[in-house]
Amino acid sequence: MLTPLFSRRRRLWYGFLAGLWFLASLWFWTWWFQPAHIGGVGRFALITLGLVWVWSMQAYFMVIFLAAHRSAAPDPEPGQYRVAMIVTKTPSEPFEVIRPTLEAMLAQDYPHDTWLADEAPTPEVTDWCAAHGVHISSRKDLEAYHQKEWPRRTRCKEGNLAYFYDTWGYRLYDIVSQLDSDHVPAPGYLREMVRPFADPEVGYVSAPSICGANAKGHWAARTRLYVEAAFHGIFQAGYTRLLTPMCIGSHYAVRTRALKEAGGLGPELAEDHSTTMLISAAGWRGVHAIDAFALGDGPATLPDLVTQEFQWSRSLVSLLLRYTPDYLPKLPLRLKALFLLCQLWYVFFALAMAMAYVAPVLAVLFDFTYADVTYPSFIAHGFPMALIPLVIVRGLKRDGLLRPMNAKILAWEKILFVALQWPWVLWGVAMAVRDRISGHFVDFRITPKGAAAQATMPMRIIMVYAVLALGAILPVMLRAHLVVAPGFYLLTLLNAVIYVILLAVAILHHVRENHIRLRNFTPKLAMQSAVLIMIMAFFANSVILRGQMGLLALSYGLEPLQVMKVEYVVAGAGQGQPGDVHLEFAPEWFGDLAP
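Per our numbering, numbering through the sequence shown is continuous, rising by one, with the last residue being 624.
Structure below.
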C-alpha cells in the first residue's frame, strides 16, 4: 500500500540528474586511475580508499532517494484500532519540558489513550495527569524492571517502556506511538502515524526526527539538524520502498503484536535501531510517515552534542558486537546488508575522517604525495561530481521533501559538524570494542532538556580541538624546504583553519548564548580564550611562513593563469642560499595571453 513520492515529471528530472552524476563519476574515475597518476601504489591506494568512501555514500543516496515512496492508505477510521500514545520521562527531566508534549498528545484528533511513562512521578505530575485524563506507568521500586541487562534494564528507555508493554501495552492496544519528553506532536500527527498500519504486514512506522525547537538560539542544535535533513525526509522514504526505514528514538510507532513477536524493545542506547532490527528479523516491515511532524529540542550546548555522538557511536558498535550476530541470520540478504552498513557506518566515517586529517600532515612531515596529479586538474574533474548532489538536494528542498523543510543546504554549521563529530565517534567506537572485550557495563548519560541543560564548556573538549588545530599547524611551521609536496602546506592549513574556526565558534557562542560579560570570565574560560588566541597566532605565523609556497604549488596546472610570481634570489652577500626563491602574490588572469 505504497505510492511514489515523486510525480512522473519530477522523477524523470531527478533521474536525469542522477544519470549525469554517474557520468561525471565515470569521467572522474577514468581520469583518476590513469597509470601516470599512480606514484607509490600504497599511498595511492590509501587516498583512493578515502575517495571511494565519499563516492559510495553519494552513489548510495542516488539509488535510495529515487525509490522514495509513502503510504497510500486512506485516513484511519475512528475505532479501527486500539491506540495509545506514550511519552517517557526521567527524574532529571523537568515537568515544564513534558507538559507541552502531553497537551499536544491530548489534542490529537484520532481516538487514543494518553500515557506517561515516568520513572519517579512527583505529586505535581500525578495531580496534573489525573486532572487531564493521562494514565501513568511507573516501574519505581520494581526490581524486576531495574536489571543490569536488557530487556528490563535500569536507567534506560527500553526498561521504562518494557513495564508499560508488559502490564498494559500488549493486552490493551493494537498500536502504540511513543515519543521522547520534548517532542511535541503537531496536529494530525497521530493520524499520519496510524495510517500505514492499514497494511497488515507493517510492524512499525518511523517518522522524521526534527530536533530544531531550540535551533534559533543554539548553534549546536543547528549542526545535526541541517546535516540530517535529507535523511529524515526523502532518504527514509526511499528506505520504505527498497529496504526498510530506521526508527528514530525521538518518536515512532509499533504494532504491539509485532513488538511482542520480536521480543520487545531492543537493547542499548540505540534502542530505536535495535528495535527496528528485531521487528524486521521477526518478519515485519516498516513505513516512513514523512508527514508526521513532531518538534523537539536539539543539543543546547557543544558538550551535549559531542556526548550524543560519543554515546550513539558506542551504542551502535556495541550492538553490532554483542546482539546483531543473533538476529542477522533471520534477515533477508538486503536487510543484512542494510543493518551491517548502519552499524558499521560510524566506524567507516571515523576512519575516513581520521585519514583525511592525517594524510596532508604526513605528506608535509615526510615530503611525499599520494597521486601524481595537479590540484587544479583534481578540482576540475571532481567538481561536477560534487555539484550535482547539491543541485538535487536544492530541488528536494523546493519540493518540500527535507525534514525540516527549511533546512539550509549550504551552511557553516554543516561544515563544522563533520569536523567536531569524528573525534568523539572514533572514541566511541574504540570504547565499544573495549567494552566488548572487558565485559564493561555502560551507564549512558541523558541529554539535559529545558532548564536542566547546563551551560558549561569543559576544558577537555576545547583541548581536543586545540590539539587537532596544532597538529595541523606545527608541521607546517617546523618543516621547511619541501621539494615534492609543498602544495600540502596549504592543504594542511585548510584542515587547521577549520579547527581554529571551530574553537572560535565554540568559545564565542558559549559566551554569547550565556550572556557572559568580559569581567565575569571564569579562570577556565579565560584559559580557553588564551588557548584560542595562541593557536590563532601560530596559524597566522604558519600562513606567513608557508602560505605563498603552498599557493604556488597548488597553482601548478592553471596555465595560462598566473597566481604567484617567482624570482630566484642571488646567493651570497646575505641574500640567501643557492636555489632560494622569492615569492610574490601577483595574479595575472590571462598570463602571457594578456595584451
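Where is the CB? At the ideal position from N, CA and C, for every residue including glycine. Owing to the predicted nature of the structure, the values given are computational and were not obtained by experimental measurement.
About 16 angstroms separates the beta carbons of S303 and D209, which is beyond the 8 angstroms limit, so they are not a contact pair. In the displayed model, D147 falls within a strand according to three-state DSSP. Minimum Cα-Cα distance from A244 among the listed residues E178, A329, A259, L288 corresponds to A329.
Between T155 and M114, the C-beta gap is not smaller than 8 angstroms, which leaves the two residues out of contact.
Cβ contact annotation for I93 (same chain, cutoff 7 angstroms, sequence separation greater than five): F264, G267, Y268, L271, in chain order. Per the coordinates, the alpha-carbon of C371 lies some 20 angstroms from the alpha-carbon of L334.
The beta carbon of P120 sits closer than 8 angstroms to the beta carbons of E148, A149 from its chain, once the five residues preceding and following it are set aside; these are given in chain order. Secondary-structure assignment with DSSP links M114 through a beta bridge to T143, S206.
Excluding the 5 residues flanking it on each side, R284 has same chain C-beta neighbours closer than 8 angstroms at D203, I204, F226, V231, G232, Y233, W313, in chain order.
For S347, the three-state secondary structure derived from DSSP is helix. Taking the Cα positions, R546 is about 47 angstroms away from G295. In this chain, the beta strand (DSSP E) harbouring I165 covers 164-166.
Excluding sequence positions up to five before and after T252, its CB lies within less than 6 angstroms of the CB of E442, F446, all in the same chain and listed in chain order. Comparing alpha carbon positions, the residue from G188, H161, H164, G162 closest to Y174 is G188.
The beta carbon of G241 sits closer than 7 angstroms to the beta carbons of A250, L254, L324, G327, P433 from its chain, once the five residues preceding and following it are set aside; these are given in chain order. A Cβ-Cβ distance of about 19 angstroms is found for the pair L499 and F395, leaving them out of contact under the 8 angstroms criterion. Going by DSSP, R99 is part of the beta strand (DSSP E) stretching over 98-100. By the 16-neighbour rule on beta-carbons within 10 angstroms, K426 is buried. V231 carries a strand assignment under DSSP once its states are collapsed to helix, strand and coil. Cβ contact annotation for I421 (same chain, cutoff 6 angstroms, sequence separation greater than five): L46, in chain order. Shown here for L561: same chain residues with a beta carbon closer than 7 angstroms to its own, the five before and five after excluded, namely L532, A533, I536 in chain order.
Per DSSP, reduced to three states, the secondary structure at H280 is strand. Assignment of G188 by DSSP, reduced to helix, strand and coil, places it in the helix class. With contacts defined as CB atoms closer than 8 angstroms, V112 and L131 fail to qualify as a contacting pair. Between S344 and Y281, the C-beta gap is not smaller than 8 angstroms, which leaves the two residues out of contact.
In this model, V454 and N524 are separated by some 18 angstroms (Cα to Cα). For V493, the uninterrupted alpha helix (DSSP H) segment begins and ends at 488-507. The alpha helix (DSSP H) runs lying completely inside the stretch 222-277 and spanning 4 residues or more are 248-256, 265-271, given in chain order. Here the stretch 367-387 lies against the stretch 78-88, with 3 or more beta-carbon pairs under 8 angstroms apart. Of T403, P487, Y494, the smallest CA-CA separation from A448 is found for Y494. Secondary structure at H212: coil, using DSSP grouped into helix, strand and coil.
P354 sits exposed, since fewer than 16 C-beta atoms from the chains shown fall within 10 Å of its C-beta. Counting along the chain, H469 sits inside no beta strand (DSSP E), nor does DSSP assign it H or E at all. Comparing alpha carbon positions, the residue from A555, H539, M30 closest to G246 is H539. Around the CB of L511, 16 or more other CB atoms lie within 10 Å, so the residue is classed as buried.
When secondary structure is reduced to three states using DSSP, A323 falls in the strand class.
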